[in-house]
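Below you'll find the structure, written out as C-alpha cells, and then a few comments.
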Amino acid sequence: MEFHVTAKDAGTRLPAIEDAILDIDPAAVVDIDADGVLRVAAALDAGELERLLTATGMTLAPGDVHQLPSICCGGCSG
Numbered sequence: 002m003e004f005h006v007t008a009k010d011a012g013t014r015l016p017a018i019e020d021a022i023l024d025i026d027p028a029a030v031v032d033i034d035a036d037g038v039l040r041v042a043a044a045l046d047a048g049e050l051e052r053l054l055t056a057t058g059m060t061l062a063p064g065d066v067h068q069l070p071s072i073c074c075g076g077c078s079g
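As numbered in my numbering, residues 2 to 79 make up the sequence shown, in order.
Written as C-alpha cells, this is what we have:
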C-alpha cells in the first residue's frame, strides 16, 4: 500500500522510520517529498503503519496518515 503521512516531525525521524519499515518489508520505499510529506510504499495496512510510526516516537494526529489508491496493474504478480 502507498501512504502519505503529514505529521510535522517525520523529517527528524526518517532514519528510525525507514529502519523500522524495512525490518518489516525489505522492499519498502520510504522518503520525504519537497513539502515535508513522508511517503511510504510498503506491505502494511494503515493501522500497522500508524503503530509503527508511533513506536518510532512520532506524534500522529487523526488524519495524518493518508492511504493512496492502488496503482498496481498486477503485471508483476505482486
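Every residue, glycine too, gets a C-beta built ideally from N, C-alpha and C.
Check whether residue i and residue j have beta carbons under 7 Å apart
i	j	result
Arg14	Thr60	no
Val31	Glu19	yes
Ala42	Glu3	yes
Arg52	His5	no
Below-7 Å beta-carbon distance, residue i vs any chain D residue
i	result
Gly64	In the displayed structure, chain D is absent; only one protein chain is listed.
Whole-angstrom distance between residue j and residue i, CA atom to CA atom
i	j	result
Val66	Thr7	7 Å
Ala29	Leu45	9 Å
Gly12	Ala62	16 Å
Ala17	Thr55	11 Å
Ala21	Gly64	21 Å
Sequence-distant residues of the same chain with beta carbon closer than 6 Å to residue i, five excluded per side
i	result
Leu69	Glu3
Nonlocal neighbours in the same chain, by C-beta distance under 7 Å from residue i, ignoring five residues either side
i	result
Asp10	Met59 and Thr60
Run of the beta strand (DSSP E) containing residue i, from where it starts to where it stops
i	result
Ile18	Ile18 -> not in any beta strand (DSSP E); alpha helix (DSSP H) instead, spanning Leu15 to Ile25.
Leu53	First-last for Leu53: Ala47 to Ala56, but that is the alpha helix (DSSP H), not the beta strand (DSSP E).
Leu39	Leu39 to Ala42
Asp32	Val30 to Ile33
Nonlocal neighbours in the same chain, by C-beta distance under 8 Å from residue i, ignoring five residues either side
i	result
Ile33	Ala11, Gly12, Leu15, Leu39 and Arg40
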